[in-house]
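Structure first, commentary second.
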Amino acid sequence: MSLTAVIFFVSIVGLTLAITWWASKRTSSASDFYTAGGGLTGWQNGLAIAGDYLSAASFLGIAGSIALFGFDGFFFSLGYLVAYLVVLYIVAEPLRNLGRFTLADMITARFDKAKVRGTAALSTITIVLFYMIAQLVGAGALIQLLLGIEYWMAVLLVGVMMTVYVLFGGMTATSWVQIIKAVLLMLGTVIISFLVLAKFDFSIANMFTHMSTATEHGENYLNPGLRYTDGIDTISMLIALVLGTAGLPHILMRFFTVKDAKTARSSVIWATWIVGGFYVLTIFLGFGAAAFVGKETIVAANPAGNMAAPLLARALGGEILFSFVCAVAFATILAVVAGLVLSGASALSHDIYGQIIKKGKITEKEAVKAARIGSIIISIISILLALGAQSLNVAFLVSLAFCIAASSNLPVIIYTIYWKRFNTTGAVSAMLTGLISALVLVAVSPNVWGPEGKAIFVGEPLIMLTNPAIISVPLGFLGGFIGTLLSKETDAAKYREVEVKAQTGISVQDVSH
14 MSLTAVIFFV
24 SIVGLTLAIT
34 WWASKRTSSA
44 SDFYTAGGGL
54 TGWQNGLAIA
64 GDYLSAASFL
74 GIAGSIALFG
84 FDGFFFSLGY
94 LVAYLVVLYI
104 VAEPLRNLGR
114 FTLADMITAR
124 FDKAKVRGTA
134 ALSTITIVLF
144 YMIAQLVGAG
154 ALIQLLLGIE
164 YWMAVLLVGV
174 MMTVYVLFGG
184 MTATSWVQII
194 KAVLLMLGTV
204 IISFLVLAKF
214 DFSIANMFTH
224 MSTATEHGEN
234 YLNPGLRYTD
244 GIDTISMLIA
254 LVLGTAGLPH
264 ILMRFFTVKD
274 AKTARSSVIW
284 ATWIVGGFYV
294 LTIFLGFGAA
304 AFVGKETIVA
314 ANPAGNMAAP
324 LLARALGGEI
334 LFSFVCAVAF
344 ATILAVVAGL
354 VLSGASALSH
364 DIYGQIIKKG
374 KITEKEAVKA
384 ARIGSIIISI
394 ISILLALGAQ
404 SLNVAFLVSL
414 AFCIAASSNL
424 PVIIYTIYWK
434 RFNTTGAVSA
444 MLTGLISALV
454 LVAVSPNVWG
464 PEGKAIFVGE
474 PLIMLTNPAI
484 ISVPLGFLGG
494 FIGTLLSKET
504 DAAKYREVEV
514 KAQTGISVQD
524 VSH
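If you're matching positions, the sequence shown starts at 14 in the numbering used here and goes up one per residue.
Take a look at the structure:
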């Protein structure tokens with residue numbers, strides 16, 4: 014265990030706890046807890062969105078993927094970045110205008126039925142749990158490797174930390190942890206990229222020329238096809254990445270932390286520039302790791318390549334940069350899981366308890382108490398699942414979360430905003446069809462069935478798609494379309510009201526009065 018690493022880790026933990034203590038003084042109402050009182054500015058929320066979005070899978074996973082597979086590893090960077098255009102042009106503004114705390118609030122602005130809210134909450138909790146397991150398993154493996162402590166202790170450490178952030182500081186603490194983490198992550202990435210570029214005399218052309226002969230793959234390293242040989246599967250994965258972001262609960266929740274739709278749009282623009290800059294720099298992280306660390310060393314540290322960026326930091330900057338990058342990776346995981354806990358807790362406490370069970374008849378004090386209890390429940394379930402998943406290859410869970418979000422949440426969001434004929438039956442059908450089809454298709458995919466050591470169960474998969482988004486996303490839209498046509502329910506007046514409010518933020522009822 015490195016003393017430098019311990020110092021950085023303790024500093025990160027101390028800073029985030031100080032933020033939580035500061036935020037706890039400003040968290041008294043349900044609005045404070047769920048949305049930081051809507052008081053974040055565009056740039057603050059943009060940084061927080063970037064901090065929420067740039068998970069360990071982005072920082073550790075993509076760098077490792079590029080290092081091992083060259084161009085094919087960069088598919089993830091392209092998918093994650095383009096996804097923000099969908100968020101910016103289709104979702105951000107209407108969501109902020111129609112919603113209050115959660116995705117279900119936005120849908121029930123048009124369909125105020127318990128079954129719609131309950132289905133939306135179920136989808137949210139499912140996505141959160143899949144995403145959370147992957148993050149916690151990754152966190153456990155990282156901290157176990159760096160600090161030499163047992164896996165279960167590492168998972169508990171992260172679990173307790175994330176619960177403390179949310180329990181006491183709510184969205185204010187979570188947002189500022191994400192903001193600081195985004196700044197630190199960009200700083201670390203820029204420093205490493207600068208050092209890599211310096212090795213090539215600050216010439217990108219020299220770097221690409223060198224990389225064409227630096228690995229065992231030769232020129233093929235710079236061309237597609239090393240990792241993804243099935244074109245349909247690659248397209249399916251990209252569909253999940255590009256469309257899934259617009260349905261991720263912890264990302265959507267961030268649009269309620271600003272005062273109006275204009276600020277929400279501004280925050281997405283900020284986030285797009287920050288996220289875009291980061292994903293461009295992953296080229297330097299991946300190429301640098303391949304050139305100066307080497308495949309054998311990367312795979313020896315972690316077979317999936319997740320330690321490529323930290324190992325590159327050690328190779329170019331010594332123990333201090335290595336320790337800093339590892340501490341940033343730890344902060345990355347803490348920030349993302351805190352956001353996930355908050356979105357899961359909001360579905361559990363606000364949607365299911367507050368609006369369905371209590372039918373909205375809940376005091377401010379009860380709402381905050383329910384939110385904190387919901388946070389504890391989500392945290393405990395996530396920790397227990399992560400402890401049981403130590404030996405499993407859970408890398409596919411993040412892409413599955415994106416697949417469910419694209420298949421279940423995105424169709425109902427688009428239909429709610431833009432389709433006049435859409436109704437309650439269609440909303441429930443869209444969400445359930447997308448959710449169930451994604452889960453079933455993954456259950457019979459190569460992620461679950463395959464050779465020993467490569468999948469959860471030994472056997473032959475029924476489909477060969479590792480990510481079934483190319484099937485489940487159209488099914489989600491189709492489910493909503495058929496469900497709508499099978500029901501005679503229609504409310505043109507309500508749609509006109511929602512349409513005006515979604516695009517302008519102005520309530521028709523307010524104007525008429």
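Every residue gets a Cβ at the ideal spot worked out from N, C-alpha and C, and that includes glycine.
All values reported here derive from a predicted model rather than from experimental measurement.
Chain-order list of residues whose beta-carbon lies under 7 Å from that of residue i (same chain, five-residue window excluded)
i, result
"A351", "M175, Y178, V179, T187 and V190"
"K507", "R123"
"F409", "N460 and T479"
"A468", "P459, N460, V461 and W462"
"F470", "V461 and W462"
"A380", "A43 and G367"
"A314", "M320 and L324"
"V524", "Below a pLDDT of 50, predicted positions are generally treated as unreliable, and V524, at 45, falls in that range; no measurement from the model is reported."
"T503", "R434 and N436"
"T17", "E332, I333 and S336"
Supposed close pair residue i, residue j - CB separation, criterion 8 Å
i, j, result
"I103", "A259", "7 Å"
"A451", "G492", "At roughly 12 Å, the Cβ-Cβ gap does not stay under 8 Å, so A451 and G492 are not in contact."
"M224", "F300", "5 Å"
"A326", "F335", "5 Å"
"G183", "D45", "6 Å"
"F84", "N219", "So it is not a contact: roughly 18 Å between Cβ atoms."
"R109", "F297", "Between F297 and R109 the Cβ distance is about 35 Å, and since that is not below 8 Å, they are no contact."
"V288", "L91", "About 12 Å; that fails the 8 Å criterion."
"L254", "F415", "6 Å"
"S412", "L448", "Not a contact, Cβ separation roughly 16 Å."
Close beta carbons around residue i, own chain, < 6 Å, minus the five adjacent residues each side
i, result
"L81", "G318"
"G357", "I138, V141 and I391"
"S37", "F181 and G182"
"A340", "F21, F22 and I25"
"S359", "Y47, F114 and T115"
"V306", "L324, L325 and A328"
"A304", "A227"
"E163", "none"
"P107", "I430 and A515"
"L261", "A418"
"T247", "Y241"
"A284", "G59, I62 and A63"
"L294", "T202 and S206"
"L488", "T446 and S450"
"A134", "A117, A360, D364 and I365"
Terminal residues of the alpha helix (DSSP H) in which residue i lies
i, result
"W432", "W432 -> no alpha helix (DSSP H), and no H or E assigned at all."
"R39", "No alpha helix (DSSP H) contains R39, which DSSP labels as neither H nor E."
"M224", "I217 to A227"
"A304", "A274 to F305"
"Q191", "G183 to K212"
"Y66", "G55 to Y66"
"V312", "K308 to A314"
"V354", "A321 to A358"
"H230", "Premise fails: H230 is in no alpha helix (DSSP H) and is neither H nor E."
"A482", "A482 to L499"
"G387", "E377 to G401"
"K264", "The sequence given here places Ile at residue 264; Lys does not occur at that position. That run of the alpha helix (DSSP H) goes P262 to L265."
"G77", "A76 to F82"
"A414", "F409 to I417"
Three-state secondary structure assigned by DSSP to residue i
i, result
"E106", "helix"
"Y97", "helix"
"V168", "helix"
"K372", "coil"
"M119", "helix"
"V457", "coil"
"M444", "helix"
"L361", "helix"
"M250", "helix"
"I519", "coil"
"S15", "coil"
"D125", "coil"
"I427", "helix"
"Y508", "helix"
"S271", "One point to set straight first is that residue 271 is Val, not Ser, in the sequence displayed. DSSP places V271 in coil when its eight states are reduced to three."
DSSP beta-bridge partners of residue i
i, result
"V471", "G463"
Cutoff 8 Å; reference residue i; Cβ partners in own chain excluding five residues on either side
i, result
"I146", "S395, L398, A399, A402, V407 and L410"
"V441", "K128, V129, T132 and G496"
Chain B contact for residue i (CB, 8 Å cutoff)
i, result
"S41", "This model lacks chain B altogether, as it is built from one protein chain only."
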